[in-house]
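A.B. asks:
Chains as they are written, first to last, in this note's numbering: chain R, 6 to 65; chain Z, 1354 to 1747.
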């Protein structure tokens, strides 16, 4: 059992959902404000960490 | 991109501003979307279900607390989750209406209110709207008198919509309930377009039953809703089972008959619960949504020949409009015929209006930002300009 991998999957899905929320808030032009860009950049950074965990847990 | 064989990934709300009259208030919050990911499996809320084995008693996830919070939010005594407002109407009609009882509905009652009455074998008496599209206390009294005179029986229930689905008009429920109570008639207030959108106080309205829609106005997956009532009527509408198997002698605990036991056993209840903290906050900001609805309505009125059929200025985001003397004139000669308007809107990232509509149609701007409202407003006038409609739109 890799609880860490399972957590990373859900955390990753939740982070992607946060981005989905940004897309909804900014439809149809998806022109992000500087605040939204900063927030989205943070989310993507966290998402990359979850992907790294999945690689470690499942592929190493 | 598919999410299953032959099933497109739905991206409407990511790609467009969605003005669909019935979808706007049910759009999920981000937390509800996360809950859907985690609780999509069938009986997903039942992992920790223990005695007395009923949905409103489950502590993890915190459904028991949610039921209490929901009743408090509505200023009612008891609340249960139901699979859509229609199942709330059905439960109430089933316990309150006997065959051939007269039942008051309104000229704007939803068809499922009628079906609930039909199933209970009640006889419908519709309260007409006045010239401004409002159901009035006087009309209510007249119809009660007529129903009683005609059938020789007092009506056993009165349905009234707080905001109706046709015009999005706000009706004087409190005053109507006062009239009904003078005749000792219980009142079911249909809050499908209000609960979760604007602040609703069931006790203040005088509602004996208050019904809301999760998927229409509480940012929840379908089918979901709420039925709330007073302490006086709780035992009646949420009565527990007494039946016993004649061979096995089995009994069924505290399951509630009208609820058919447990109601929303998975993603619907958790989605509704995940959105609830946001819903409690957003009802306090409804005035902004009304302001945005008026930005759009005012822009439509700049297009000569266009009429807002709903009460104006708008008090709700659901709006009915008549463009027979504006956009429909264009449709008569446009190569896309009646589809030109919805097609032009879609090209600009706006959807949700019934395809082909150019005469009488509805939109619901609930949930848009001020920026999005201004964009919708500008888009309507730009389409009018491009198609040679005169007015003050430029």
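Here a beta-carbon is modelled for each residue, glycine too, at the ideal position from N, C-alpha and C.
1) Assuming residue 1428(Z) and residue 1556(Z) make a contact with CB atoms under 8 angstroms, what is their CB distance in whole Å?
2) Measure the C-alpha to C-alpha separation of residue 1649(Z) and residue 1538(Z) and round it to an integer number of angstroms.
3) How big is the Cα-Cα spacing for residue 1398(Z) and residue 1693(Z)?
4) Rounded to the nearest angstrom, how far is the Cβ of residue 1547(Z) from that of residue 1516(Z), given a contact under 8 angstroms?
5) Does DSSP classify residue 1406(Z) as helix, strand or coil?
6) Starting from the C-beta of residue 1707(Z), find all residues in its chain whose C-beta is less than 7 angstroms away, skip the five residues before and the five after it, and write them out in chain order.
7) Do we get a CB-CB distance below 9 angstroms when we pair residue 12(R) with the residues of chain Z?
8) Chain Z partners of residue 34(R), CB-CB under 9 angstroms?
9) Which residue from 1412(Z), 1502(Z) and 1670(Z) puts its Cα closest to that of residue 1638(Z)?
10) What's the gap between the Cα of residue 1644(Z) and the Cα of residue 1605(Z)?
11) Considering only their Cβ atoms, is the gap separating residue 1699(Z) from residue 1735(Z) smaller than 9 angstroms?
12) What does the alpha-carbon distance come out to for the pair residue 30(R) and residue 1484(Z)?
13) Let me make sure I understand the geometry here. Which of 1666(Z), 1664(Z), 1691(Z) and 1667(Z) has the alpha-carbon closest to that of residue 1677(Z)?
14) Give me whichever residues DSSP pairs with residue 1432(Z) in a beta bridge.
15) In whole angstroms, what is the alpha-carbon distance linking residue 1597(Z) and residue 1470(Z)?
16) Confirm, please, whether the CB-CB distance from residue 1673(Z) to residue 1662(Z) is below 9 angstroms.
17) Distance check for residue 1362(Z) and residue 1440(Z), CA to CA, integer angstroms please.
18) Work out the CA separation of residue 58(R) and residue 52(R) for me, nearest whole Å.
19) Taking the continuous beta strand (DSSP E) assigned at residue 1514(Z), which residues delimit it?
20) Between residue 1664(Z) and the rest of its own chain, which residues show a CB-CB distance below 6 angstroms, the 5 nearest in sequence each way excluded?
21) Counting only Cβ-Cβ distances shorter than 7 angstroms, please list the residues of the region 1375-1408 of chain Z near chain R, keeping chain order.
22) Hey, which unbroken runs of the beta strand (DSSP E) at 3 residues or more fall wholly within the region 1486-1541 of chain Z?
23) Considering residue 1716(Z), what are the terminal residues of the beta strand (DSSP E) in which it resides?
24) So what's residue 1551(Z) in DSSP terms, helix, strand or just coil?
25) Ignore the nearest five residues each way along the sequence and tell me which others in residue 1565(Z)'s own chain have a CB closer than 7 angstroms to its CB.
26) For chain Z, is any of its Cβ atoms less than 9 angstroms away from the one on residue 45(R)?
27) Between residue 18(R) and chain Z, is any beta-carbon pair separated by less than 9 angstroms?
28) Within 10 Å of its beta-carbon, does residue 1444(Z) have 16 or more other beta-carbons around it, so buried, or fewer, so exposed?
29) Need the endpoints of the beta strand (DSSP E) that residue 1456(Z) sits in, please.
30) Identify the continuous alpha helix (DSSP H) that holds residue 1630(Z) and give its terminal residues.
C.D. replies: This is what the structure holds:
1) One-based indexing of the second chain puts residue 1428(Z) at position 75. One-based indexing of the second chain puts residue 1556(Z) at position 203. Confirmed, about 5 angstroms.
2) Here residue 1649(Z) corresponds to residue number 296 of the second chain, with the count starting at 1. Here residue 1538(Z) corresponds to residue number 185 of the second chain, with the count starting at 1. Spanning the two alpha carbons is a distance of roughly 40 angstroms.
3) On the second chain, position 45 is the one that residue 1398(Z) refers to. On the second chain, position 340 is the one that residue 1693(Z) refers to. So the two alpha carbons sit approximately 46 angstroms from each other.
4) By 1-based counting over the second chain, the position of residue 1547(Z) is 194. By 1-based counting over the second chain, the position of residue 1516(Z) is 163. Right, their Cβ atoms sit about 5 angstroms apart.
5) Numbered from its first residue, the second chain carries residue 1406(Z) at position 53. Coil.
6) Taking the first residue of the second chain as position 1, residue 1707(Z) is located at position 354. Excluding residues within five positions, the ones whose Cβ falls inside 7 angstroms are 1714.
7) Numbered from 1 along the first chain, position 7 holds the residue referred to as residue 12(R). With 9 angstroms as the cut-off, residue 12(R) does not count as an interface residue toward chain Z.
8) As a position in the first chain, residue 34(R) is number 29, starting the count at 1. Ordered by position in chain Z, the residues that pass the 9 angstroms Cβ test against residue 34(R) are 1702 and 1728.
9) As a working note, residue 1638(Z) is residue 285 in the second chain. When each option's Cα is compared against that of residue 1638(Z), the closest is 1670(Z).
10) For the purposes of this step, residue 1644(Z) is identified with residue 291 of the second chain, where counting begins at 1. For the purposes of this step, residue 1605(Z) is identified with residue 252 of the second chain, where counting begins at 1. Whole-angstrom Cα-Cα distance: 51 angstroms.
11) Walking along the second chain from the start, residue 1735(Z) turns up at place 382. Walking along the second chain from the start, residue 1699(Z) turns up at place 346. Not in contact: residue 1735(Z) and residue 1699(Z) (Cβ atoms no closer than 9 angstroms).
12) Here residue 30(R) is taken as the residue at index 25 of the first chain, counted from 1. Here residue 1484(Z) is taken as the residue at index 131 of the second chain, counted from 1. Roughly 38 angstroms separates the two Cα atoms.
13) What you label residue 1677(Z) is simply residue 324 of the second chain in a count that begins at 1. Cα-wise, what sits closest to residue 1677(Z) is 1691(Z).
14) Numbered from its first residue, the second chain carries residue 1432(Z) at position 79. Residue 1432(Z) pairs with 1581(Z).
15) Taking the first residue of the second chain as 1, we reach residue 1597(Z) at position 244. Taking the first residue of the second chain as 1, we reach residue 1470(Z) at position 117. Their Cα atoms are separated by approximately 29 angstroms.
16) As a position in the second chain, residue 1662(Z) is number 309, starting the count at 1. As a position in the second chain, residue 1673(Z) is number 320, starting the count at 1. Yes; because the gap between Cβ atoms is below 9 angstroms, this pair is in contact.
17) Your numbering for residue 1440(Z) matches position 87 in the second chain. Your numbering for residue 1362(Z) matches position 9 in the second chain. About 29 angstroms.
18) Taking the first chain and counting its residues from 1, one reaches residue 52(R) at position 47. Taking the first chain and counting its residues from 1, one reaches residue 58(R) at position 53. When rounded, the distance between both Cα atoms is 10 angstroms.
19) Counted from its first residue, the second chain places residue 1514(Z) at position 161. Looking at the DSSP string, the run of the beta strand (DSSP E) that includes residue 1514(Z) is 1510-1514.
20) One-based indexing of the second chain puts residue 1664(Z) at position 311. Closer than 6 angstroms at Cβ, skipping near neighbours: 1522.
21) 1383, 1386, 1387, 1390 and 1391
22) 1510-1514
23) Working through the second chain from its first residue, we reach residue 1716(Z) at position 363. Note, residue 1716(Z): beta strand (DSSP E), 1713-1717.
24) The residue given as residue 1551(Z) occupies position 198 in the second chain. Strand at residue 1551(Z).
25) For the purposes of this step, residue 1565(Z) is taken as residue 212 along the second chain, with counting starting at 1. So the qualifying residues of the chain are 1438, 1544, 1545, 1548, 1549, 1571, 1578 and 1579.
26) In the first chain, residue 45(R) corresponds to position 40, counting from 1. Chain Z, which has no Cβ nearer than 9 angstroms to the Cβ of residue 45(R), makes this no.
27) Against the first chain, residue 18(R) aligns to sequence position 13. Yes, because at least one Cβ of chain Z sits closer than 9 angstroms to the Cβ of residue 18(R).
28) Within the second chain, the letter at position 91 stands for residue 1444(Z). That one is buried.
29) In the second chain, counting from the first residue as 1, residue 1456(Z) sits at position 103. It spans 1455-1459 - the beta strand (DSSP E) in which residue 1456(Z) sits, taken as one unbroken run.
30) Locating residue 1630(Z) in the second chain gives position 277, counting from the first residue. Element bounds for residue 1630(Z): 1620-1635.
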